[in-house]
Structures are given as C-alpha cells and as structure tokens.
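Undergrad: Pasting a structure here, questions to come.
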Amino acid sequence: MQNKIELTRIRHYFDTTTERIELFRNLSQTIISGESLAIVGPSGAGKSSLLSIAAGLEIPSEGDIRFTIGGKQVDALAMRANSGFIFQQFHLMPELDAIGNLALPLRLKGDPNAFDKAADWLSKVDLKDRARHHPHQLSGGEQQRIAVARAFVSTPRFIFADEPTGNLDARTSEGVTDLMFDCARETSCGLVIVTHSKRLALKADKSLRLESGLLELVA
C-alpha cells in the first residue's frame, strides 16, 4: 500500500505589524515512503515551515495538501500518528532514563510491549548498556541516538528531521547521519530532512533547494 504526501500549489506567509513575510508560493512536491529527501537552502528561507506543513503540523496559508497512508487518504492528525520526528534539540524527558524515553511514545499508545520494543531499539543504536542512564548522564551524540531510535520505535511511515546533526561535532554527526539512513532503509519509511550539512544532503535520494520562495531539484 502506498504512503505519500502531496503538496499542490502551496503558499505560506506570516504577517508582522508592518509587513507580510512570504516564505514561498506555488510550491508543489510529492513525497513517498521508501525515499529520502533533503531540503537545503539559506537560513530564513522557510525550510522548517515546509517540513512542518509536510508533516501535518502546520497549515499552509494557501494550497492543497493530501496525505495517503496505506493507500487511503487521511487527515493531518492521522498523518502525525504515522510519523516520527527528530529535532536539533534532543527533547528527551530529563526525569526518564534512556529506555523510559524510548518507550514513552509506545506507552502513550497503550502498547503492552513498549519496553521490549524499546530495548530492541536500544540494541540497534548500540546503547543497550545505557538503558538506565538519564539524559544528563549521556553525551550529546548518545542523546541524539536515543532521539533517532525514539522516532523509529513506533514503526512510522515517515520520519521528519529538522537539523538533526546541528548540535553535534563532525565525527558524531557522521555516526548519527549513517544511523538515520540505515534505520530508514530497514523500515522502508520516508525520510525528510532539513539540513545545512552538505554531507548529509548528499546521502539522500533527492535534494531540493528552497531559496527566494522557489523549490528546485539539486543536480
């Protein structure tokens, strides 16, 4: 069954007290599961807003967006339920240990096997021995590996990552990047990444550049 996101003639802007700031207009793009897509471009171009719109987190000012999960058209709420998210800030719960953070999204869905699945993913990201460590006891790279595993633990159809290596050094960034793409291939989900990293963008199946309101394929 096909999973896809169809953006058609999207326009997005916001108003200040003195002017209207337009991020993009007449933007169309289809994103499918099983494909990795990098969105690059200068700061302030609207990359994070585009990511949020594609994920069903934000409503565009104009245009049409259609979500298809399992061959059926669904609403934004169902789209979010079938998505995982990775951010520049790790957003781990400080009061929970690593396995607790990883199990949390499954527990919220009432999954009785939440901790068993969390333990499996801790092993996949080579952090099984850190299961009982709290975020402040983990390095930045370890925290982001937990965040990556947490995004994938619910077997989402799409993963959305906003500058996922922005807070990491070059060596740690490389490891997290490889981990994300390996997990995406293993689960056949769609991976959409906003990034300033050329190396990360080059690993994607397709790169799009958002600049001056236009979205263009990077050759």
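Heads up, the working numbering is the position in the sequence shown plus 46, with the first residue counted as 1.
Yeah, the Cβ is synthetic: ideal placement off N, Cα and C, and Gly gets one too.
1. Express the C-alpha separation of D121 and R112 in angstroms, rounding to a whole number.
2. For the alpha helix (DSSP H) holding Q189, just list the boundary residues, first then last.
3. Give the straight-line distance between the Cα atoms of E52 and A101, rounded to the nearest whole angstrom.
4. Are the Cβ atoms of P210 and H182 separated by less than 8 Å?
5. For a test of your reading of the model: does the CB of S243 fall under 7 Å from any non-hydrogen atom of the ligand ZN? Yes or no.
6. Ignore the nearest five residues each way along the sequence and tell me which others in I67's own chain have a CB closer than 8 Å to its CB.
7. Count the other CB atoms, across all protein chains shown, that sit within 10 Å of the CB of I178; report buried if there are 16 or more and exposed otherwise.
8. For chain B, check one thing: does any of its Cβ atoms lie closer than 8 Å to the Cβ of D162?
9. Where do the ends of the beta strand (DSSP E) carrying L150 lie?
10. Taking F136 and W167 to be in contact with their CB atoms under 8 Å, please state how far apart those CB atoms are, rounded to whole angstroms.
11. Quick check on this structure: which residue in E108, P158, L83, L103 has the alpha carbon closest to the alpha carbon of T54?
12. Counting C-beta neighbours from all protein chains within 10 Å, is the total for L123 16 or more, i.e. buried, or is it exposed?
13. Suppose you measure from the CA of C235 to the CA of E65; what does that come to, to the nearest Å?
14. Kindly list the residues whose CB is nearer than 6 Å to the CB of Q134, restricted to its own chain and excluding five residues on each side of it in sequence; keep chain order.
15. Is DSSP giving L103 helix, strand or coil here?
16. Select from G186, F227, A165 the residue whose C-alpha is nearest the C-alpha of F206.
17. By DSSP, does A250 sit in helix, in strand, or in coil?
TA: A quick look at the data gives this:
1. Pairing R112 with D121, the inter-Cα distance amounts to about 8 Å.
2. 186-198 is the span of the alpha helix (DSSP H), which, as asked, contains Q189.
3. For E52 and A101, the distance between alpha carbons rounds to 11 Å.
4. No, the pair does not count as a contact, with Cβ atoms beyond the cut-off.
5. Inclusion of the ligand ZN in the displayed structure is not the case, the ligand content being empty and no account of it being possible.
6. Answer for I67: Y59, F60, D61, listed in chain order.
7. Before going on, a small fix: residue 178 reads as Arg here, not Ile. R178 comes out exposed.
8. Judged by its chain identifiers, the structure shown contains no chain B, having just a single protein chain.
9. For L150, there is no enclosing beta strand (DSSP E); the residue is part of the alpha helix (DSSP H) that begins and ends at 144-154.
10. With 8 Å as the limit, F136 and W167 do not qualify as a contact, their Cβ atoms being about 15 Å apart.
11. The shortest C-alpha separation from T54 is found at E108.
12. Note on L123: under 16 other CB atoms within 10 angstroms of its CB, so exposed under the neighbour-count rule.
13. Rounded to the nearest angstrom, the two C-alpha atoms are 39 Å apart.
14. Cβ neighbours of Q134 beyond the five flanking positions: E209, G212, N213.
15. DSSP places L103 in the coil class of the three-state scheme, outside both helix and strand.
16. Nearest option by C-alpha distance: F227.
17. Taken through DSSP and simplified to helix, strand or coil, A250 comes out as coil.
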